[in-house]
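Step one of this worksheet: look at the structure below.
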Amino acid sequence: MIDERSCDAHQSAIATNETNKLLQEYDEEIYAGIKTNLDEKLKSKKDEVEQTRLRKRWLDWVGKYADKVGAMDDFSNEDKKEYKDGRYLHRIPPNG
């Protein structure tokens, strides 16, 4: 599973690469190649973390509202339209 520790590891590698450049441990061409690779991998990992977060959020929403959506089978066509448009929610009393 992708997590933020993976992003931290890539950020640490970027810091090491920057340190090596400052210490002039390798030439500009090698530094640029390493930097490009690390930046791309970090972006990819961050995207994966975000996608995982969004999937989890979606699954949480589905779990929370699945019973309500299933109950829509009993709604009239007009009630379904109002529900879809968001107007139905205003008709539900606070305790019901």
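Note that the numbering used here has the sequence shown beginning at 1, numbered continuously upward.
Glycine included, C-beta positions come from ideal geometry on N, C-alpha and C.
Cβ atoms of residue 64 and residue 72: under 8 Å apart, would you say?
As a working mapping, residue 72 is identified with position 72 in the sequence shown. As a working mapping, residue 64 is identified with position 64 in the sequence shown. No.
Quick test of the definition: if touching needs 3 or more C-beta pairs under 8 Å, does the stretch 4 to 22 touch the stretch 32 to 49? Contact between the stretch 4 to 22 and the stretch 32 to 49 is present: 3 or more CB-CB pairs across the two stretches fall below 8 Å.
Exercise. When the distance is taken between beta carbons, is residue 43 closer than 8 Å to residue 6?
Worked result: The sequence position of residue 6 within the sequence shown is 6, counting from 1. The sequence position of residue 43 within the sequence shown is 43, counting from 1. Taking C-beta atoms as the reference points, residue 6 and residue 43 fail to come closer than 8 Å.
message: If you follow the alpha helix (DSSP H) that residue 8 is in, where does it begin and where does it stop?
response: Numbered from 1 along the sequence shown, position 8 holds the residue referred to as residue 8. Per DSSP, residue 8 belongs to the alpha helix (DSSP H) from 4 to 22.
Q) How many Å lie between residue 56 and residue 62 at the Cα? A) As a working note, residue 56 is residue 56 in the sequence shown. As a working note, residue 62 is residue 62 in the sequence shown. Rounded to whole angstroms, the gap between the alpha carbons of residue 56 and residue 62 is 10 Å.
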